[in-house]
Amino acid sequence: MLELTGVSRTYDDGHPVHALRPTNLHIAPNDYVTITGPSGSGKSTLLNILGLLDAPSNGSYRINDVEMTGLRETTRGAARGQLFGFVFQAFHLLSGRTVVENVELGMLYGPQTRRERRRRAEEVLERVGLSHRATADPRTLSGGERQRVAIARAVAYRPRVLFCDEPTGNLDSANTTTVLELLRELHTEGQAVIVVTHEANVAAQGARRLRVDDGVVSEE
Amino acid sequence: MGLIDWAREATLSVMRHPGRALMTAVGTVLGAVAFVATLGISSTISQQVSSSFDIRRATEVVVSPQSKGLDIRWQDAESLTRLRGLNGVVDAGSRISLGEQPIARGLGAPTSPFAVFGVDPGALAAIEPRLTVGRSFDAFHESRGANVVLLSQPVADSLGITRVGAAVFIHDRAFTVMGIFYDVGRRQDSLTGALMPASTAEILLESYRQGAEEDANREVLIRTSPGAAQLIGSQAATALHPESPQDLRVVAPPDPRQLRREVEGNVALSTVLLSIVALAVGAVTIANAAAASVTTRVAEIGLRRALGARPSHIFAQLVGETTVLGTIGGAVGVLIGVATVATVSIVNRWSPVLDMRAAMIAVAASAATGLVAGLWPAARAIRIQPVSALQR
Chain H
147 MLELTGVSRT
157 YDDGHPVHAL
167 RPTNLHIAPN
177 DYVTITGPSG
187 SGKSTLLNIL
197 GLLDAPSNGS
207 YRINDVEMTG
217 LRETTRGAAR
227 GQLFGFVFQA
237 FHLLSGRTVV
247 ENVELGMLYG
257 PQTRRERRRR
267 AEEVLERVGL
277 SHRATADPRT
287 LSGGERQRVA
297 IARAVAYRPR
307 VLFCDEPTGN
317 LDSANTTTVL
327 ELLRELHTEG
337 QAVIVVTHEA
347 NVAAQGARRL
357 RVDDGVVSEE
Chain C
620 MGLIDWAREA
630 TLSVMRHPGR
640 ALMTAVGTVL
650 GAVAFVATLG
660 ISSTISQQVS
670 SSFDIRRATE
680 VVVSPQSKGL
690 DIRWQDAESL
700 TRLRGLNGVV
710 DAGSRISLGE
720 QPIARGLGAP
730 TSPFAVFGVD
740 PGALAAIEPR
750 LTVGRSFDAF
760 HESRGANVVL
770 LSQPVADSLG
780 ITRVGAAVFI
790 HDRAFTVMGI
800 FYDVGRRQDS
810 LTGALMPAST
820 AEILLESYRQ
830 GAEEDANREV
840 LIRTSPGAAQ
850 LIGSQAATAL
860 HPESPQDLRV
870 VAPPDPRQLR
880 REVEGNVALS
890 TVLLSIVALA
900 VGAVTIANAA
910 AASVTTRVAE
920 IGLRRALGAR
930 PSHIFAQLVG
940 ETTVLGTIGG
950 AVGVLIGVAT
960 VATVSIVNRW
970 SPVLDMRAAM
980 IAVAASAATG
990 LVAGLWPAAR
1000 AIRIQPVSAL
1010 QR
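Following this line, the structure appears as structure tokens:
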């Protein structure tokens, strides 16, 4: 489904930094991939390129056999909104809105009507076990609950691939376990999941484990 | 993403910090207050001015000869009868102004100069003197050329006269004081002088003139029904002197509606300028606050981009927020402006005059100010890349 061929990323701020060396990678529709590596190794760069948040300097990136390199940001943005969901370490829930409104935000830029968005948001909150907190202010939730809301927001519009960047980085071990269980269940239900982490227990969850060192990607 | 979603997103974002939003919108609040309050107060005052104007001054028409040599037949009984036949004339009569004449409390006593006016019953009715003591002279006194006077309060005070029946001397002729008046409905210059029958004034004039050229001013004074002054003003000269009406000068009050329009026109111009200055300040304040908020909301904007928002969505979001801010500012300003007009009116016992169009214009202008103010911060915001959200 996702196909990287000879993809590299170089940042040129006076002297070039090779964040990602030429990489070939294939990700299937039902993969659960974890990406590990030390800080600054290039694992976030790989995630950004896969998630269409960043464009490669060289090489070819095809999604379902459609070439994505060279596309305008508007087109990439539309593809990103339709195909991918994102979960961040810092949750990024908006204050001043209820939990269910935060989940709806994930579908705001899609084709769904307001009623459909509310229905999907309630369903997916039920799925992550937080329907009893639907009208709560996110600031009153625990870290684990907040991350589950963020996951609900990311999967509400049924993305092909769920990208998670350090999803348990701000959580204690109990909450980490809950979130990992949720990710595993989603994968079992057919959701492709790609997780970037530097935590060994999180990395161990993946059916496929990738490691990035100095911009070089290897399969463990 | 529809229009309702857009408006809802913008409002939710703004209302996350209502206090801060109001502070940001203070410029548009002031603009709207300035617009609504000054326009409202000026309309209220001009309405007030013209309504009191209508009652007194706006019913006064004065006709006088263009030159002193004009034959006095233009104000004889026949001419005045024609004039009184005009629809809208309530009272009309002749007034002769003798200028300042020496008046004394007793024969041979020191004299003081005061204005003396001869008025026939029609002119006296038009002047409407309000008496503290005594009564007005009438047609009987006019027909007899009786030596009677009405003194204004300042003249009576100056001569030390407090009761009717007292005698005063003008050019050594004795006059009986019939009454003392403190106010007049028309011809305010009467307030500093003495009134006597017109026929008496003619006799007095003849007695001290002794063949010298006449220097008295003759006029016809008309009291009209409310709103008729303009019409009577245009017809009086022809009615009095049909042979050559151009020999007469007619002074009618300015049309109160015209006056009101002029007053409101002047106020409206300065109000618009004041409001534009306030709204410009408002635009800078909102633009500044919105630009600062873009810096603190990089993660949120990046998140929205990651969730599929196109740059145009981000642009619309930011411009929508500043437009909502401007609209809220305008609405709050209109409320304060209306309250100001109402308070000023209640304190002064006026009827408030409020134009709802002014309120709508104020809100629309404030909203437009917010929209314009959002363009620059929004242009900055669309340069934020979605990857920014991941880095925070």
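As they're listed, the protein sequences go chains H and C.
According to this note's numbering, the first sequence holds residues 147 to 366 in order.
According to this note's numbering, the second sequence holds residues 620 to 1011 in order.
Think of the CB as a built atom: it goes at the ideal place given N, C-alpha and C, for glycine as much as any other residue.
These figures come from a predicted structure and were not determined experimentally.
- The criterion of a C-beta distance shorter than 9 angstroms is satisfied by Asp808 (chain C) and Ala734 (chain C).
- Take the alpha-carbon of Ser713 (chain C) and the one of Gly952 (chain C): they are about 56 angstroms apart.
- Assignment of Tyr255 (chain H) by DSSP, reduced to helix, strand and coil, places it in the coil class.
- Arg923 (chain C) belongs to the set of residues whose beta carbon lies under 9 angstroms from a beta carbon in chain H.
- Exclusion of the five residues before and after Pro721 (chain C) leaves Thr730, Ser731, Pro732, Ile789 and His790 as the residues of its chain whose Cβ lies within less than 8 angstroms of its Cβ.
- Sorting C:Pro872, C:Val768, C:Ile1003 and C:Gly688 by C-alpha distance to the C-alpha of His932 (chain C) places C:Ile1003 at the top.
- The beta carbon of Thr169 (chain H) sits closer than 6 angstroms to the beta carbons of Leu150, Val153 and Val363 from its chain, once the five residues preceding and following it are set aside; these are given in chain order.
- In this structure, Gly741 (chain C) keeps its C-beta atom at 9 angstroms or more from the C-beta atom of Asp695 (chain C).
- The criterion of a C-beta distance shorter than 9 angstroms is satisfied by Val655 (chain C) and Ala981 (chain C).
- At a cut-off of 9 angstroms between beta-carbon atoms, Tyr157 (chain H) makes no contact with chain C.
- In the DSSP assignment, Asp360 (chain H) falls outside any beta strand (DSSP E) and carries neither an H nor an E.
- In the assembly as shown, Ser755 (chain C) is a buried residue. Its beta-carbon has 16 or more other beta-carbons within 10 Å.
- Excluding residues up to 5 positions away in sequence, nothing lies with its Cβ nearer than 7 angstroms to the Cβ of Leu254 (chain H) in the same chain.
- By the 16-neighbour rule on beta-carbons within 10 angstroms, Gly336 (chain H) is exposed.
- Restricting attention to C:Ser853, C:Thr988 and C:Leu726, the CA atom closest to the CA of Pro864 (chain C) is found in C:Ser853.
- A distance below 8 angstroms between beta-carbons, with the five flanking residues on each side excluded, links His238 (chain H) to the following residues of its chain, in chain order: Ala296.
- By alpha-carbon distance to Thr941 (chain C), the top candidate from C:Ser818, C:Pro996 and C:Leu893 is C:Pro996.
- Between Leu824 (chain C) and Thr962 (chain C), the alpha-carbon positions lie close to 56 angstroms from each other.
- Look at Gln228 (chain H): its C-beta is under 9 angstroms from a C-beta on chain C.
- Contact with chain C is absent for Arg273 (chain H), since none of that chain's Cβ atoms lies less than 9 angstroms from the residue's Cβ.
- Taking C-beta atoms as the reference points, Ala992 (chain C) and Ala902 (chain C) count as a pair closer than 9 angstroms.
- By the Cβ criterion, the segment 342-355 of chain H is in contact with the segment 162-182 of chain H, since at least three pairs of Cβ atoms, one from each stretch, lie closer than 8 angstroms.
- With the rule of 3 Cβ pairs closer than 8 angstroms, the segment 282-301 of chain H counts as touching the segment 264-274 of chain H.
- Under the 9 angstroms criterion on CB atoms, His238 (chain H) is classed as interfacial with respect to chain C.
- In the three-state reduction of the DSSP assignment, Met620 (chain C) falls in the coil class.
- Taking a C-beta cut-off of 9 angstroms against chain H, the contacting residues of the segment 927-939 of chain C are Gly927, Ala928, Arg929, Pro930, Ser931 and His932, listed in chain order.
- C-alpha of Arg763 (chain C) to C-alpha of Phe794 (chain C): approximately 14 angstroms in a straight line.
- For Met620 (chain C), the neighbours in chain H by C-beta distance under 9 angstroms run, in chain order, Leu254, Tyr255 and Gly256.
- Residue contact with chain C for Ala280 (chain H): absent (no Cβ-Cβ distance below 9 angstroms to any residue of chain C).
- Residues of the segment 950-968 of chain C with a C-beta atom less than 8 angstroms from some C-beta of chain H do not occur.
- Counting only Cβ-Cβ distances below 9 angstroms, Leu631 (chain C) has contacts in chain H at Leu240, Gly242, Arg243 and Glu247, in chain order.
- Residue range Val708 to Ala723 is occupied by the beta strand (DSSP E) that includes Gly718 (chain C).
- Under the Cβ distance rule, Leu199 (chain H) counts among the residues neighbouring chain C, one pair being separated by less than 9 angstroms.
- Under the 9 angstroms criterion on CB atoms, Gly289 (chain H) is classed as non-interfacial with respect to chain C.
- Per DSSP, Glu312 (chain H) lies in no alpha helix (DSSP H) segment and is marked neither H nor E.
- By the rule that beta-carbons nearer than 9 angstroms mark a contact, Gly223 (chain H) touches chain C.
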